[in-house]
Amino acid sequence: MSQPSRPRFDRRKALIAIGAALASPALTGRAGAHAIPASFGGDGPVTRGADVTVQRVNTRQPLVALTFDDGPHPRLTPQLLDILSAANVRATFYMIGRSVARHPQLAARVAAEGHEIGNHTWSHPNLTGRSDAGVLDQIDRTSIAIQEAVGRPPVTMRPPYGNFHDRQRLMLFRERNLPTVLWSVDPQDWQRPGATVVTQRIVRSAHPGAVVLAHDIHGPTIRAMPSTISDLAARGFRFVTVSELIGWPRWDQRRIRLAARSPRD
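Take 179 as the starting number for the sequence shown in the numbering used here and just add one per residue.
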């Protein structure tokens, strides 16, 4: 009996196989500094989607990771970058792939100024109803766009709306070595409650090891950032990227590339 033929892959999509040694260090955190609540299966197989999910990091250090979704926005993201630069703060930007493709120079500026870029899918769909192939297509196209814009691929992924089944998280980790990053502080800035309210919600809810969700496509959020940063700093918080919060090397200081996959894979 003849073996069923394997599907043929587009070469651009075939570039996406991210090997563990190329894309991410061991998912164990920095000893003595950070411990991930989810185990990541560091000493054994990953068996549950929750094991590859980061919502916060257990640490006594006053560290917070500011994260911004849905950009890059041609007008607002540069304003945010100016604010972050003036405050000497590094953040993490979960970018939509098609927006990166439209504004590669802006994505390059984000990376050049020391910020981290994560994968936020190509077109911001709800992933829960998608097949594994459909999920990987959204992720792969975005990783390629980021690689082409800034010279390195993302090492974490955030699903739109936070919607991603445990089984899908496990599949993504196994297939692309990308953990799913959610959040522990949500000011619900997408409702546009106003800059003052955004600041109050973030500062009130901040805690050591927090992952703060915000969006660099809303004007009130951008206007909230100077006071948010100054108020958090006044409380003793220090600002790090998601990779730094987890305990990995800084994303912009690592030489990582998409690994080419052979056509038979």
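The beta-carbon is built from N, C-alpha and C at its ideal position, and this holds for glycine as well.
Please read these numbers as outputs of a predicted model, since none were measured by experiment.
Residue 348 lies in the beta strand (DSSP E); which residues open and close that run?
Run containing residue 348: none in the beta strand (DSSP E); it sits in the alpha helix (DSSP H), 344-354.
Near residue 445, which residues of its chain fall below 7 Å by C-beta distance, leaving aside the five closest residues on each side in sequence?
Since the first residue shown for the chain is 179 and the last is 443, residue 445 is missing from the structure and cannot be characterised.
Roughly how many angstroms lie between the CA atoms of residue 298 and residue 412, to the nearest whole one?
31 Å
Label residue 385 either buried or exposed according to how many other C-beta atoms from any shown protein chain fall within 10 Å of its C-beta, with 16 as the threshold for buried.
Residue 385 should be labelled exposed.
Whole-angstrom distance between residue 365 and residue 379, CA atom to CA atom:
5 Å
Where does residue 294 fall in DSSP's three states?
strand
Using C-beta distances below 7 Å, list every residue in its chain close to residue 407, excluding the 5 sequence neighbours before and after it, in chain order.
265 and 267
Return the chain-ordered list of same chain residues with a C-beta closer than 6 Å to the C-beta of residue 465, the five sequence neighbours on each side being excluded.
One cannot answer for residue 465 here, as it falls past the ends of the chain, which runs 179 to 443.
Could you check where the alpha helix (DSSP H) with residue 235 kicks off and where it finishes?
Neither: residue 235 is in no alpha helix (DSSP H) and is coded neither H nor E.
Does the segment 266-281 touch the segment 227-238, meaning 3 or more C-beta pairs lie closer than 8 Å?
Contact fails: fewer than three Cβ-Cβ distances are below 8 Å.
Please determine, among 284, 377, 387 and 383, the residue with the shortest C-alpha to C-alpha distance to residue 417.
Residue 387 is the option with its Cα nearest to residue 417.
Once DSSP output is grouped into helix, strand and coil, what is the label at residue 391?
strand
Between 253, 431 and 425, which lies nearest to residue 241 when the distance is taken from Cα to Cα?
425
Counted within 10 angstroms of its Cβ, other Cβ atoms place residue 392 as buried (16 or more) or exposed:
buried
If you follow the beta strand (DSSP E) that residue 247 is in, where does it begin and where does it stop?
241-247
Hey, would you say residue 316 sits closer than 8 Å to residue 300, going by beta carbons?
yes
Let me make sure I understand the geometry here. Which of 251, 225 and 354 has the alpha-carbon closest to that of residue 322?
354
Cα-Cα, which of 276, 281 and 288 is closest to residue 303?
The candidate whose alpha carbon is nearest that of residue 303 is 276.
Extent of the continuous beta strand (DSSP E) to which residue 320 belongs:
Not the beta strand (DSSP E): residue 320 falls in the alpha helix (DSSP H), residues 310-328.
Nearest-angstrom Cα separation, counted from residue 311 out to residue 374:
Approximately 42 Å between the Cα atoms of the pair.
Is it buried or exposed, residue 306, if we count other Cβ atoms within 10 angstroms and call 16 or more buried?
exposed
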